[in-house]
Amino acid sequence: MTTTTAPITTRTLLTAAALAAPVWVVVSLAQAFTRAGFDLTRHPLSQLATGELGWIQIATFVTVGVLFIAGATGLRRALHGRPGGVWTPRLIRTVGVGMIAAGAFTMDAGDGFPVGTPAGPPAGMSWHAIAHMAAGSITFFALAAAGFVLGRHFTRTGDRTSAIISRAAGVAVILGNGWAMSGGRFGSLTLAIGVSVALAWVSTVAYRLRNHP
1 MTTTTAPITT RTLLTAAALA APVWVVVSLA QAFTRAGFDL TRHPLSQLAT
51 GELGWIQIAT FVTVGVLFIA GATGLRRALH GRPGGVWTPR LIRTVGVGMI
101 AAGAFTMDAG DGFPVGTPAG PPAGMSWHAI AHMAAGSITF FALAAAGFVL
151 GRHFTRTGDR TSAIISRAAG VAVILGNGWA MSGGRFGSLT LAIGVSVALA
201 WVSTVAYRLR NHP
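Its first residue numbered 1, the sequence shown is counted upward by one per residue in UniProt numbering.
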């Protein structure tokens, strides 16, 4: 006797993508406001993956990555034959893989966090911190590109408001990351805002497709 496994429904896969951003924002901010020594205006959210409680942020990275990878399949099905139906899921899958890699390769402790770490940036970068930065760069690029691809999708479907929001989400990632990389004041905060806004928009799009295919 043979048994077959029912395929995961498109609705379930889109639910995964819809949950990804809320999980990221809620868990990350809960730690940002409660972990001793962490200052979101100086420390990137990725630095929460260091220290004794770093496993929480590592698990968050991996969980969100898995949710986006699953959600990318749902987006591929939901957008099949429609504008952006090829590149949107590819880019979101890349975001998911990048998040998992960013969790696997952590930043170095620095600038007073975790508590007991000397002030200022670390003297040098470890190999895993370099890998984390590479994973982050790929993730940010894919996330920003997804915003512009979704903008094209909504433009061609006549949803002008969603097209503007999509492109704004892509710009938010570019500006947030650019300001942080330039060493601008509160760069870690602008990066967190830009990335979170874009992730939230992707989850919103997935939620809308889940309820209104």
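The beta-carbon is built from N, C-alpha and C at its ideal position, and this holds for glycine as well.
task: Report yes or no: do three or more beta-carbon pairs, one from the segment 167 to 177 and one from the segment 144 to 151, lie closer than 8 Å?
output: Using a C-beta cut-off of 8 Å, the segment 167 to 177 makes contact with the segment 144 to 151, since at least three inter-stretch Cβ pairs fall below that distance.
- prompt: Are G74 and L19 closer than 8 Å when you measure CB to CB?
  reply: no
message: Going by C-alpha to C-alpha distance, which of A119, L45 and H153 sits closest to G81?
response: For the residues A119, L45 and H153, the minimum Cα distance to G81 belongs to H153.
task: Below 8 Å on the Cβ atoms is my guess for M107 versus A129; work out the distance and round it to an integer in Å.
output: 5 Å
query: Among L199, P122, P83 and R208, which one has its Cα closest to the Cα of T157?
result: When the alpha-carbon of T157 is set against those of L199, P122, P83 and R208, the nearest one is in P83.
message: Am I right that T117 and G124 are in contact with their C-beta atoms under 8 Å? What's the rounded C-beta distance?
response: In fact, because the Cβ distance is near 14 Å, the residues do not count as touching under 8 Å.
field: Where I16 falls, given that 16 or more other Cβ within 10 Å makes a residue buried
entry: According to the sequence as given, residue 16 is Ala; it is not Ile. By the 10 Å Cβ count, A16 comes out buried.
message: Please identify the residue among L209, I193, N211 and R210 whose C-alpha is closest to the C-alpha of V26.
response: I193
message: Can you tell me which residues form a DSSP beta bridge with G110?
response: Assignment of beta-bridge partners to G110 by DSSP yields F113.
query: If we ignore side chains and look at the alpha-carbon of each, how far apart do G65 and S137 end up?
result: 15 Å
- prompt: Would you say R167 and F148 are within 8 Å of each other, going by their C-beta atoms?
  reply: For R167 and F148, yes; Cβs fall inside 8 Å.
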